[in-house]
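Okay, structure first, notes after.
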Amino acid sequence: MKRLLPVLPALWLAAFVLLPVILTLKISLSTPATAQPPYLPVLDWSAGIEGWGNFLEALDFTNFETLASDALYRDAAMSSVTLAAIATAILALIGTPIALAMARAPERWQPLLVALLIVPFWTSFLIRIYAWIAILKPEGLLSAGLMWLGLIAQPLEILNTQGAVLIGLTYAYLPFMVLPLYAVLAKRDPRLPEAAADLGAGPVRVFWSVTLPLARPGLAAGALLCFVPMVGEFIIPDLLGGSDTLMLGRVLWSEFFSNRDWPLASAVAILVLVLVVGPLILFREDETTAREGRR
Amino acid sequence: MRALDRIALSLGLGFLYAPILILVIYSFNASALVTVWGGFSTRWYGVLLADVPLREAARVSLVVAFAAAGVATVFGTLAALALDRGGRFAGRRVFTGLIYAPLVMPEVITGLSLLLLFVGFGLDRGLLTLVIAHATLGLGFVAVIVGARLRGLDRSLEEAAADLGAHPARVFATVTLPLIAPSLAAAFLLAFTLSLDDLVLASFVSGPGATTLPMRLYSQVRLGVNPEINAASTLLVGTVTAIVLTASWLTGRRGVA
Amino acid sequence: MASTPVPAAAGLLTCAGLGKRFGTHVAVADLDLTLQPGEFVCLLGPSGCGKSTLLRLIAGFETPSAGTIRLGGTDITADPPHRRPVNMMFQSYALFPHMSVAANIAYGLSGLGRAARQARVDELLRLVRLDGFGPRRPDTLSGGQRQRVALARALARAPQVLLLDEPLGALDRALREETQGELRALQRRLGTNFIVVTHDPAEALALADRIGVMEAGRLVQIGDGASLYERPANRFVAGLLGDVNLIPGRVLGREAGGLAGLDTALGPLRALGAAEGEGIIALRPERIALARAPSGDGPALPGQVVETTYLGDRIRLRVRLADGSIWRVSAPAEEACPGVGESVHLSYPPERAWLMPAAA
Chain A
1 MKRLLPVLPA
11 LWLAAFVLLP
21 VILTLKISLS
31 TPATAQPPYL
41 PVLDWSAGIE
51 GWGNFLEALD
61 FTNFETLASD
71 ALYRDAAMSS
81 VTLAAIATAI
91 LALIGTPIAL
101 AMARAPERWQ
111 PLLVALLIVP
121 FWTSFLIRIY
131 AWIAILKPEG
141 LLSAGLMWLG
151 LIAQPLEILN
161 TQGAVLIGLT
171 YAYLPFMVLP
181 LYAVLAKRDP
191 RLPEAAADLG
201 AGPVRVFWSV
211 TLPLARPGLA
221 AGALLCFVPM
231 VGEFIIPDLL
241 GGSDTLMLGR
251 VLWSEFFSNR
261 DWPLASAVAI
271 LVLVLVVGPL
281 ILFREDETTA
291 REGRR
Chain B
1 MRALDRIALS
11 LGLGFLYAPI
21 LILVIYSFNA
31 SALVTVWGGF
41 STRWYGVLLA
51 DVPLREAARV
61 SLVVAFAAAG
71 VATVFGTLAA
81 LALDRGGRFA
91 GRRVFTGLIY
101 APLVMPEVIT
111 GLSLLLLFVG
121 FGLDRGLLTL
131 VIAHATLGLG
141 FVAVIVGARL
151 RGLDRSLEEA
161 AADLGAHPAR
171 VFATVTLPLI
181 APSLAAAFLL
191 AFTLSLDDLV
201 LASFVSGPGA
211 TTLPMRLYSQ
221 VRLGVNPEIN
231 AASTLLVGTV
241 TAIVLTASWL
251 TGRRGVA
Chain C
1 MASTPVPAAA
11 GLLTCAGLGK
21 RFGTHVAVAD
31 LDLTLQPGEF
41 VCLLGPSGCG
51 KSTLLRLIAG
61 FETPSAGTIR
71 LGGTDITADP
81 PHRRPVNMMF
91 QSYALFPHMS
101 VAANIAYGLS
111 GLGRAARQAR
121 VDELLRLVRL
131 DGFGPRRPDT
141 LSGGQRQRVA
151 LARALARAPQ
161 VLLLDEPLGA
171 LDRALREETQ
181 GELRALQRRL
191 GTNFIVVTHD
201 PAEALALADR
211 IGVMEAGRLV
221 QIGDGASLYE
231 RPANRFVAGL
241 LGDVNLIPGR
251 VLGREAGGLA
261 GLDTALGPLR
271 ALGAAEGEGI
281 IALRPERIAL
291 ARAPSGDGPA
301 LPGQVVETTY
311 LGDRIRLRVR
321 LADGSIWRVS
331 APAEEACPGV
341 GESVHLSYPP
351 ERAWLMPAAA
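Residue numbers (the UniProt record's numbering), protein chains in the order written: chain A, 1 to 295; chain B, 1 to 257; chain C, 1 to 360.
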């Protein structure tokens with residue numbers, strides 16, 4: 001009975017997670033064609049061993065060579081990673097005080113605060129990003145507000161820039177940074193900062209020498225949780241970034257939908273997987289072994 | 001509470017809620033211009049109700065979300081049980097990796113790879129492929145939520161049931177299942193919302209005749225800001241908030257988190 | 001099933017050569033234990049000594065690595081927990097939080113009809129003095145009430161053996177002493193075999209007919225409280241049951257009446273016990289007589305008081321002897337007690353000192 005438990009979910013995962021990734025890898029090594037499906041070679045099952053031989057011979061690394069040599073893809077990769085890294089840093093900066101404030105709030109308020117943080121996450125991602133268009137556009141509320149305050153004379157040209165993408169990324173991923181941080185900070189012994197203060201540390205030193213080191217696992221988890229999906233993000237750069245913000249998720253999308261170059265889109269997917277998901281899995285393994293080692 | 005903490009919380013929550021609030025307010029704007037306030041009106045809700053393609057898209061989204069959340073809850077719960085109770089089985093590491101993969105993989109990759117699978121096996125794109133894709137996405141989330149509850153479950157409760165003469169099936173039905181039920185409901189709701197919210201996977205794997213609400217909204221949003229979308233968004237936000245509040249009230253009332 | 005608990009005369013539990021390993025860790029090793037009908041046994045030992053594992057082996061939650069468990073002549077070693085006529089009261093009580101008190105108690109009674117089940121639940125609620133608590137939820141009860149619900153639930157199927165894992169561990173001290181008496185009386189009335197696991201020697205002494213002391217997975221000694229206290233098998237048992245002075249020595253010979261003569265660092269001393277060769281004398285502090293001057297009869301050991309502690313009913317002294325060792329002495333508080341620095345002479349009745357083998 002116990003042995004049968006994993007069978008059904010394992011079959012599902014093998015069919016709809018593992019197999020698709022293998023197929024993507026295969027197609028990333030194929031060449032595009034004006035056919036249905038639009039790539040070559042197609043494995044000829046009826047040809048047996050010989051079919052496999054022909055099939056394997058026809059595979060090549062052209063798509064990856066294209067990715068490496070074409071400046072467009074290099075720039076897209078660079079700006080994806082850069083934007084995601086900057087947004088992660090911003091999130092860490094604004095997420096830490098929020099998480100700390102939550103952890104220090106009276107105990108009976110904390111569930112409410114957590115709920116308040118989660119509710120926006122449950123509302124449509126698309127709609128929350130859409131809401132920012134109305135705020136950021138030149139005749140939008142942000143410009144109007146700043147002009148009313150007399151801070152700027154001309155409407156802000158911020159929509160369709162990387163700045164708008166950064167705002168969108170920060171906005172959409174804030175809960176993913178705050179929640180792991182809060183989880184770590186809430187569990188910590190509240191007497192530790194008091195002990196540090198008792199031993200003569202000022203508030204700044206307490207923060208740097210006690211609070212921050214204790215929050216580090218949460219910070220690491222939050223950074224991973226934000227950085228990885230941000231690199232592959234599509235909706236935010238598409239709606240807020242305008243035509244000149246290139247990110248890998250968007251490149252994949254347009255190669256697939258506009259250029260109908262499935263092999264190249266697959267190659268982009270494999271690239272992102274290797275670049276981003278690989279290190280993540282390694283990190284997880286590392287953490288698991290560390291945790292098991294401690295037990 | 002310290003003043004700095006108050007400021008951090010107010011700014012943080014303000015940042016999170018201001019855009020949504022603005023969206024809701026402007027859905028009641030009489031003017032067609034999103035940035036100019038033309039007085040209170042519910043005219044865009046009327047327009048929304050008359051929008052047949054949008055209503056059809058909403059219907060498709062709901063059907064897919066129900067089916068996908070159902071499948072994800074069953075399979076995700078089985079996966080969580082296998083990880084928690086299965087002991088050491090062959091391929092456990094790979095199994096764990098596959099459960100978490102859709103959680104961390106960028107959606108464009110999941111979408112593309114699933115589409116390549118469906119095309120490779122000649123599966124017609126439509127409701128079925130949508131349900132498969134969304135169930136796969138939800139499965140991992142369900143496994144995480146239910147798994148956390150299972151790990152927190154006092155094992156001696158199940159042992160006590162067995163000790164009192166209950167067969168393993170009865171132990172599961174009368175003790176394990178009722179105790180993890182709140183997490184099952186939460187997991188179902190999350191899988192449901194994920195499906196309802198998804199644009200990227202759906203754009204890849206759905207076919208003609210199976211346009212979901214986010215796909216429909218997206219194509220309109222691409223054309224610019226539009227008060228009808230604000231009205232639709234407000235309805236969606238209201239519905240989801242009601243669901244979340246109900247869920248948290250339900251779990252809170254049971255006294256089991 | 002009878003509406004009154006069945007006397008457990010047939011239930012005679014025997015563990016033979018029982019062993020349990022978790023990986024390389026040996027939790028229970030080569031353990032033999034036989035329960036007399038109607039007996040109340042306590043398994044006593046520090047945490048990690050294997051006493052809870054032994055209980056879980058008997059209940060069927062763990063499969064033994066070696067040995068057999070028989071109940072009333074039937075081998076139940078391979079039976080799953082739900083087919084064993086033994087029941088367990090868990091340390092955490094393990095009350096189902098989603099069921100009422102009555103439903104908890106009735107959980108094991110699914111074989112009965114509705115009316116019979118209701119009658120049995122009412123009877124058990126009366127037994128543990130919780131009449132009227134049936135519809136309540138476990139989380140609305142006090143710790144003592146929950147403990148009694150757990151007890152009622154475990155007794156519902158009239159088990160041949162009831163296993164109790166630290167049954168009083170979660171109760172505060174006053175309630176614990178009161179509950180000890182109740183548990184003891186209940187067991188007498190029902191005649192069911194009770195096996196209680198505890199780390200508290202006072203609790204074991206208060207409850208049990210026989211106490212089994214476990215150390216590192218082994219049952220080192222089993223017997224009634226007095227025999228364990230007076231005639232411990234080794235220094236671990238001696239120290240577990242109370243304060244003791246341990247004096248190593250070598251057995252030289254034996255007098256009439258079985259008294260052994262030993263050569264020790266303090267000179268020749270005598271004690272009761274069968275050990276040969278290297279031995280240890282276990283001498284309880286309250287058996288030692290204290291005098292300012294050597295009295296006429298018997299040898300007395302000179303020493304100097306280094307510390308006195310007033311404990312109300314008694315005074316505890318630490319006395320340094322000629323060889324530099326410190327003995328603990330417990331004297332009645334009403335006597336005029338020597339103060340720190342004073343010279344004293346210690347003596348003891350040799351038949352109240354117990355000789356143990358040094359190796360055990």
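Note that beta-carbon positions come from the ideal geometry of N, C-alpha and C, so glycine has one too.
Could you tell me whether the Cβ atoms of residue 72(B) and residue 147(B) are closer together than 7 Å? As a working note, residue 72(B) is residue 72 in the second sequence. As a working note, residue 147(B) is residue 147 in the second sequence. No, these two residues do not count as a Cβ contact at 7 Å.
Assuming residue 127(C) and residue 147(C) form a contact by the criterion Cβ under 8 Å, report the distance between their Cβ atoms to the nearest whole angstrom. The sequence position of residue 127(C) within the third sequence is 127, counting from 1. The sequence position of residue 147(C) within the third sequence is 147, counting from 1. So it is not a contact: roughly 14 Å between Cβ atoms.
Just to confirm, is the Cβ distance from residue 236(C) to residue 215(C) under 7 Å? Locating residue 236(C) in the third sequence gives position 236, counting from the first residue. Locating residue 215(C) in the third sequence gives position 215, counting from the first residue. Contact flag set, yes.
Can you list, in chain order, the stretches of the beta strand (DSSP E) that have 3 or more residues and sit fully within the segment 37-89 of chain C? 40-44, 66-71 and 86-89
Return the first residue and the last residue of the alpha helix (DSSP H) that residue 179(A) is part of. Within the first sequence, the letter at position 179 stands for residue 179(A). Counting along the chain, the unbroken alpha helix (DSSP H) around residue 179(A) starts and ends at 162-187.
Nearest to residue 213(B) by CA position, among 19(B), 8(B), 55(B) and 21(B), is which residue? Taking the second sequence and counting its residues from 1, the one referred to as residue 213(B) is at position 213. Among 19(B), 8(B), 55(B) and 21(B), the Cα nearest to that of residue 213(B) belongs to 55(B).
Chain-order list of residues whose beta-carbon lies under 8 Å from that of residue 141(A) (same chain, five-residue window excluded): Counted from its first residue, the first sequence places residue 141(A) at position 141. Counting only Cβ-Cβ distances below 8 Å, and skipping sequence neighbours, we find 134 and 135.
Pull the bridge partners of residue 356(C) from the DSSP assignment, please. For this step, residue 356(C) is matched to residue 356 along the third sequence. BP columns for residue 356(C) point to 280(C).
What is the rounded straight-line gap between the Cα of residue 140(B) and the Cα of residue 101(B)? Working through the second sequence from its first residue, we reach residue 140(B) at position 140. Working through the second sequence from its first residue, we reach residue 101(B) at position 101. Taking the straight line joining both Cα atoms gives about 8 Å.
By DSSP, does residue 264(A) sit in helix, in strand, or in coil? Locating residue 264(A) in the first sequence gives position 264, counting from the first residue. Looking at residue 264(A) - three-state DSSP - the assignment turns out to be helix.
Between the Cα of residue 27(C) and the Cα atoms of 261(C), 56(C) and 238(C), which residue gives the shortest distance? In the third sequence, counting from the first residue as 1, residue 27(C) sits at position 27. For residue 27(C), the closest C-alpha among the options 261(C), 56(C) and 238(C) is that of 56(C).
Chain B partners of residue 88(C), CB-CB under 8 Å? Stepping through the third sequence from its first residue, residue 88(C) is reached at position 88. Within chain B, the residues near residue 88(C) are 159, 160 and 163.
Give the secondary structure of residue 258(B) by DSSP, where H, G and I count as helix, E and B as strand, and everything else as coil. There is no way to answer for residue 258(B), as the model of chain B reaches only from 1 to 257.
With respect to the alpha helix (DSSP H) encompassing residue 109(B), which residues constitute its N-terminal and C-terminal limits? Locating residue 109(B) in the second sequence gives position 109, where the first residue counts as 1. Residues 107-120.
Contact criterion: CB-CB distance below 7 Å. Does residue 22(C) meet it with respect to chain B? Here the question's residue 22(C) lines up with position 22 in the third sequence. Not closer than 7 Å to any Cβ of chain B, the Cβ of residue 22(C) fails to qualify, so no.
Would the segment 6-25 of chain A and the segment 96-116 of chain B be scored as touching if the rule is three or more Cβ pairs under 8 Å? yes
What does residue 213(C) pair with, by DSSP beta-bridge criteria? Within the third sequence, residue 213(C) is the residue found at index 213, counting from 1. DSSP output for residue 213(C) lists 44(C) and 221(C) as bridge partner(s).
Who are the Cβ neighbours of residue 199(B) in its own chain at under 7 Å, not counting the five residues just before and after it? The residue labelled residue 199(B) in the question sits at position 199 within the second sequence. Cβ neighbours of residue 199(B) beyond the five flanking positions: 214, 215 and 218.
Can you give me the C-alpha to C-alpha distance between residue 37(B) and residue 25(B), rounded to a whole angstrom? In the second sequence, counting from the first residue as 1, residue 37(B) sits at position 37. In the second sequence, counting from the first residue as 1, residue 25(B) sits at position 25. Cα atoms of residue 37(B) and residue 25(B): separation of roughly 10 Å, rounded to the nearest angstrom.
Classify residue 204(A) as buried or exposed, calling it buried when 16 or more other Cβ atoms lie within 10 Å of its own Cβ. As a first step, residue 204(A) must be located in the first sequence, where it is residue number 204. Flag for residue 204(A) reads exposed.
Give a yes or no on whether 7 Å exceeds the smallest Cβ distance from residue 156(B) to chain C. For the purposes of this step, residue 156(B) is taken as residue 156 along the second sequence, with counting starting at 1. At least one chain C Cβ lies under 7 Å of residue 156(B).
Check whether the Cβ atoms of residue 309(C) and residue 316(C) sit closer than 7 Å, and answer yes or no. Against the third sequence, residue 309(C) aligns to sequence position 309. Against the third sequence, residue 316(C) aligns to sequence position 316. Their beta carbons are under 7 Å apart, which means residue 309(C) touches residue 316(C) by this criterion.
What's the call for residue 222(C), buried or exposed, on a 16-neighbour Cβ count within 10 Å? Within the third sequence, the letter at position 222 stands for residue 222(C). With 16 or more Cβ atoms within 10 Å of its Cβ, residue 222(C) is classed as buried.
Are the C-beta atoms of residue 82(C) and some chain B residue less than 7 Å apart? Position 82 of the third sequence holds residue 82(C). By this cut-off, residue 82(C) is an interface position.
State buried or exposed for residue 294(A), treating a residue as buried only when at least 16 other CB atoms are found within 10 Å of its CB. The sequence position of residue 294(A) within the first sequence is 294, counting from 1. Unreliable positioning characterises residue 294(A) in this predicted model, as indicated by a pLDDT of 43, which lies under 50. The coordinate reading is nonetheless provided below. Exposed.
When the distance is taken between beta carbons, is residue 184(A) closer than 7 Å to residue 196(A)? For this step, residue 196(A) is matched to residue 196 along the first sequence. For this step, residue 184(A) is matched to residue 184 along the first sequence. Cβ distance not < 7 Å, so residue 196(A) and residue 184(A) don't count as in contact.
Mapping DSSP to helix, strand and coil, what is residue 123(A)? Working through the first sequence from its first residue, we reach residue 123(A) at position 123. The answer is coil: DSSP assigns residue 123(A) none of H, G, I, E or B.
Let's see if you can read the secondary structure: which residues bound the beta strand (DSSP E) around residue 27(C)? Within the third sequence, the letter at position 27 stands for residue 27(C). From DSSP, the beta strand (DSSP E) with residue 27(C) extends over 25-34.
On the three-state DSSP scale, how would you describe residue 8(C)? Within the third sequence, numbered from 1, the residue matching residue 8(C) stands at position 8. Because residue 8(C) sits at a pLDDT of 40, beneath the cut-off of 50, its placement in the model cannot be relied upon, and the point is left open.
Measuring only the C-alpha atoms, how far is residue 103(C) from residue 49(C)? Numbered from its first residue, the third sequence carries residue 103(C) at position 103. Numbered from its first residue, the third sequence carries residue 49(C) at position 49. If you take the alpha carbons of residue 103(C) and residue 49(C), they lie about 35 Å apart.
Measuring only the C-alpha atoms, how far is residue 204(B) from residue 97(C)? Sequence index remark: in the second sequence, residue 204(B) carries index 204 (1-based). Sequence index remark: in the third sequence, residue 97(C) carries index 97 (1-based). Approximately 46 Å, taken between the alpha carbons.
What does the alpha-carbon distance come out to for the pair residue 62(B) and residue 86(A)? For the purposes of this step, residue 62(B) is identified with residue 62 of the second sequence, where counting begins at 1. For the purposes of this step, residue 86(A) is identified with residue 86 of the first sequence, where counting begins at 1. Straight-line Cα distance between these residues: approximately 37 Å.
Simplified DSSP assignment, three categories, for residue 319(C): The residue labelled residue 319(C) in the question sits at position 319 within the third sequence. In the three-state reduction of the DSSP assignment, residue 319(C) falls in the strand class.
Chain-ordered chain C contacts of residue 153(B) [CB-CB under 8 Å]: As a first step, residue 153(B) must be located in the second sequence, where it is residue number 153. Those do not exist, as residue 153(B) stays about 11 Å from chain C at its closest Cβ, beyond 8 Å.
Within chain A, the residues that residue 75(B) reaches when beta carbons sit closer than 8 Å: By 1-based counting over the second sequence, the position of residue 75(B) is 75. Residues of chain A passing the Cβ test: 8, 9 and 12.
Residue 241(A) to residue 141(C) span [Cα, whole Å]: Along the first sequence, read from residue 1 onward, the residue named residue 241(A) stands at position 241. Along the third sequence, read from residue 1 onward, the residue named residue 141(C) stands at position 141. Roughly 60 Å between the two C-alpha positions.
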